[in-house]
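Beneath this line is the structure, given in structure tokens, with notes to follow.
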């Protein structure tokens, strides 16, 4: 207990000493106005979809003052690269200081006093060995340097022992004075540098109470009262959108209610702030600029045998360029063109792009079917009427503004969100144009994408861009299902599925298609046969419910295929599907056929046309008799060319055989040298070689003549082919 009291007295006296010094220094250079630190609260917050937020602090200062802003360690890098400070009344912004991000142990190593994070009063006095202190014990006072700290045992009046701490100092006269530390003993460091280190140590220790909080202190100098503005960006959780679509029991306009979920994870409360939510993702990144970076430099030794002489260098010709970045111009509210596609394609299991919720993201498998229709209709209660009227008379809670290519929700009322808390804030409250339908999606592979779905065909008549998020449907004062809404521009229409429709059953039939020839052309020796492949898909839809259904059938768009006939005209199309509307009465079955065709072109060079191909074209009626005559003439000429080529090939093969036989004879003649049979056999081989040479000469002449004949026939064939011109529509 004595040690604790001593520590408190010691630290308190040191703080008083530091404050006295500060007062003395301020008196020596006193300014005309106060310099107390003020706080600059956050007044404006803009949250983006890319995980950053824009924060703006405003406040007033008088004279030369310091003001502080608190933020978390995670915010430091973003704050350092985006901090903007403006004195709106002509003052000057000085240095910006913030506590270090280095570990506490590393910071304590820079102190002159060797202290750790956990320290006692005795350990503190041990750290002061060799420094000047002033010790007061009642009326006795001594000044000297700390020599030692010892723990001693003392006998009590009852014969027991107690432990005490004894401080030994050496005065300027060389005397050693001993003090038993107790409640009445005050020890004060007499060196200003020690006071400075002690205050710094206490500040570091105090900062550990909020390890994740960084305080930035900014110095502002000027005269009179002035307004300051500080802004920066910081990493924050992405804000989320969630919607409610209310379908009234009685005939009336459905209602849309939208909410945004925001989280305050920064180190400061948001009190009465102007909050804006931007539906967009401006480019942003993280760079660790709060940590020190060092680069490697070469070590160049000084020359030993020569003197360095002054040199004059040419002036630089480099021109400094300043890059200006346009942050964004705030535009007046404008109407977004209708029909604008959603910002994110709807790649859902339902098979629809363009933001169509094909009914699978929201987990419709487990969604309940629409409430069963009662046998006896009950009158709408007064409470239901009040709820419907309240929805229809509600005003929008946010205003929409276009900001460059983004969209911003500006809340009309200021809000308060304390740090480490979240809030649900309203952004949309408006009647909405919807139509209840049953959605059926077919796949290109030939099947159906799951069961039919209850869906809404919603047109955004709120005048605001609806950010992507979840939605749930309240139908006749009961939960009907939920799903996902993607970005929706004003005037744009979107399909939103929210539950399975168990009352609708559908069967898809796809019989084999047919292929017919529509046109034949022959030009410059190329025959083009134009054909059309036709395909028909039939959907059989049965409505087992007691209420009629408007079925929206999504039929896949296949590359190269187009719809045939006015009866298969879709109500609209997405990037991947046609959308057809089929009305099905209660208990009825409807058939709907989608007819499509695809053009095909088969090109054949007449020089490669075969007898079987020609016979097939004649049999199908693709080629008329007059054209057949010309083609037969060309094919006969082609056959003549083929026969000539065969003769050329035969003579070339014979020449190759003679060449091989001559090589054999020459090898035999070499082997006969010096043998008794040499003379007789040489004469025989010589006669054979002479005969073969005569035959080779004849073959070369025949091959040359045949090639000339082939060229002549080929020219005749080309003339015949080029003279054939046909363009007939069948």
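Numbering (our numbering), first residue to last: 564 to 1293. Glycine included, every Cβ here is placed at the ideal spot set by N, Cα and C.
Any non-hydrogen atom of the ligand MN within 6 Å of residue i CB
i            : result
residue 1020 : In terms of ligand content, the structure shown is empty, and the ligand MN therefore cannot be addressed.
DSSP three-state assignment for residue i, whether helix, strand or coil
i            : result
residue 837  : strand
residue 1186 : coil
residue 1065 : coil
residue 1234 : helix
residue 1176 : helix
residue 686  : helix
residue 1120 : coil
residue 857  : coil
residue 828  : coil
residue 928  : Any reading at residue 928 must be qualified, since the residue scores a pLDDT of 36, below 50, and its modelled position is unreliable; no value is offered.
residue 945  : The predicted position of residue 945 is uncertain, since its pLDDT is 48 and thus under 50; a value taken from the coordinates is nonetheless stated next. Reduced to three states, the DSSP call for residue 945 is helix.
residue 618  : strand
residue 1214 : helix
residue 738  : coil
residue 796  : strand
residue 755  : helix
residue 1291 : strand
residue 1033 : strand
residue 1028 : coil
residue 1225 : helix
residue 729  : strand
Whole-Å CB distance - residue i paired with residue j, under 8 Å assumed
i            : j            : result
residue 988  : residue 974  : 6 Å
residue 1016 : residue 1031 : 19 Å between Cβ atoms; not a contact.
residue 1149 : residue 1098 : Between residue 1098 and residue 1149 the Cβ distance is about 32 Å, and since that is not below 8 Å, they are no contact.
residue 1008 : residue 1096 : Contact doesn't hold; Cβ gap of about 18 Å is too wide.
residue 1119 : residue 1006 : 6 Å
residue 1115 : residue 1002 : 5 Å
residue 971  : residue 979  : Contact doesn't hold; Cβ gap of about 21 Å is too wide.
residue 1217 : residue 1262 : 6 Å
residue 1053 : residue 1028 : 6 Å
residue 827  : residue 981  : 7 Å
residue 1113 : residue 1287 : Not confirmed; about 57 Å, so no contact.
residue 796  : residue 631  : With 8 Å as the limit, residue 796 and residue 631 do not qualify as a contact, their Cβ atoms being about 19 Å apart.
residue 1228 : residue 1248 : 5 Å
residue 613  : residue 844  : 4 Å
residue 744  : residue 728  : 5 Å
Residue span of the beta strand (DSSP E) that contains residue i, given as start and end
i            : result
residue 1153 : 1152-1168
residue 642  : Per DSSP, residue 642 belongs to no beta strand (DSSP E); it is in the alpha helix (DSSP H), 639-645.
residue 1016 : 1016-1022
residue 975  : That residue, residue 975, is in no beta strand (DSSP E); it is neither H nor E in DSSP.
residue 630  : 628-635
residue 1098 : 1089-1106
residue 1002 : 996-1004
residue 1143 : 1140-1147
residue 713  : 703-718
residue 697  : 695-700
residue 1042 : 1042-1048
Contact under 7 Å by Cβ, residue i with residue j
i            : j            : result
residue 1106 : residue 1067 : yes
residue 517  : residue 802  : Look at the range of the chain in this structure, 564 to 1293, and you will see that residue 517 is not part of it.
residue 736  : residue 676  : no
residue 633  : residue 778  : yes
residue 794  : residue 647  : yes
residue 725  : residue 707  : no
residue 1087 : residue 1128 : no
residue 1091 : residue 1059 : no
residue 819  : residue 808  : yes
residue 624  : residue 789  : yes
residue 1293 : residue 1084 : no
residue 712  : residue 689  : yes
residue 628  : residue 783  : yes
residue 852  : residue 610  : no
residue 1134 : residue 1144 : yes
residue 1279 : residue 1200 : yes
residue 1168 : residue 1089 : yes
residue 757  : residue 704  : no
Endpoints, the alpha helix (DSSP H) within which residue i is located
i            : result
residue 1266 : 1241-1286
Closer than 7 Å to chain D by CB, residue i
i            : result
residue 1100 : Note that chain D does not occur in the displayed structure, where there is just one protein chain.
The region 827-836 contacting the region 600-620, beta-carbon criterion three pairs below 8 Å: Put simply, the region 827-836 touches the region 600-620. At least three CB pairs are less than 8 Å apart.
Contact the region 1196-1213 vs the region 1249-1258: 3+ CB pairs below 8 Å: Verdict: no, contact absent.
The region 1191-1199 touching the region 1278-1286, judged by at least three CB pairs closer than 8 Å: Touching, yes.
Any 3 or more C-beta pairs closer than 8 Å across the region 740-758 and the region 681-691: yes
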